[in-house]
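If you count the sequence shown from 1, you need to add 161 to reach the working numbering. Beta carbons: idealized from backbone N, C-alpha and C, even for Gly. All figures in this text were calculated on a predicted structure; none of them were measured in a lab.
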Amino acid sequence: MSREYPLRPIVGVGAIVFSGGKVLMARRGNSPGLGNWSVPGGALKLGETLEDACKREVFEETNLTVEVVSRCAVLDRITRDDWDRVQYHYVLVDFVCRPAGGTLQARSDATEARWVSLEDLDGLKPMTRGTARVILDAAEDMRVRNISF
162 MSREYPLRPI VGVGAIVFSG GKVLMARRGN SPGLGNWSVP GGALKLGETL
212 EDACKREVFE ETNLTVEVVS RCAVLDRITR DDWDRVQYHY VLVDFVCRPA
262 GGTLQARSDA TEARWVSLED LDGLKPMTRG TARVILDAAE DMRVRNISF
């Protein structure tokens, strides 16, 4: 199934990876959102679990292995073209993760990857719409649950 102008929504995952009060961000190397900063993530493969897809995508884009801590958000990403046709439609499941190994290096469809403090998140431009809010909500949830990050 084509990702552009799909016949039905595509299921994808996002990884909100926290470490030392910072979050892992990747600059997208492909559409949709080419050039935007976002959390690592991508589409589910047939037969793959959500958590396995999350781990795979983080590794493919950043060379890091992660431990999935919890699911934190389920959301829609719908992009329309100039004629109001649905160009992209993703249903995304985001997970909070912790790094487990590897050395940070942009790979695959990420052109850049870095750790960003939550205070500096607003200065990271351009950013995929809604990303900062999901990250900050996940950080607050971790604080409320008394889980260190």
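Inset, instruction - Could you have a look at residue 286 and say whether DSSP puts it in helix, strand or coil? - result: coil
Legend entry - Inter-residue spacing [alpha-carbon to alpha-carbon] between residue 274 and residue 213: 21 Å
Inset, instruction - My understanding is that residue 259 touches residue 192, with C-beta atoms under 8 Å, so please give their C-beta distance in whole angstroms. - result: With a Cβ gap of about 30 Å, residue 259 and residue 192 do not count as contacting.
Inset, instruction - Return helix, strand or coil for residue 183, following the three-state DSSP convention. - result: strand
Inset, instruction - Provide the residue span of the beta strand (DSSP E) that contains residue 247, from first to last. - result: 247 to 263
Legend entry - Any chain D beta carbon closer than 8 Å to residue 201: This model lacks chain D altogether; it includes just one protein chain.
Legend entry - Anticipated Cβ contact below 8 Å, residue 293 with residue 282, distance rounded: 5 Å
Inset, instruction - Using the DSSP secondary-structure output, state which residues sit across from residue 199 in a beta bridge. - result: 187
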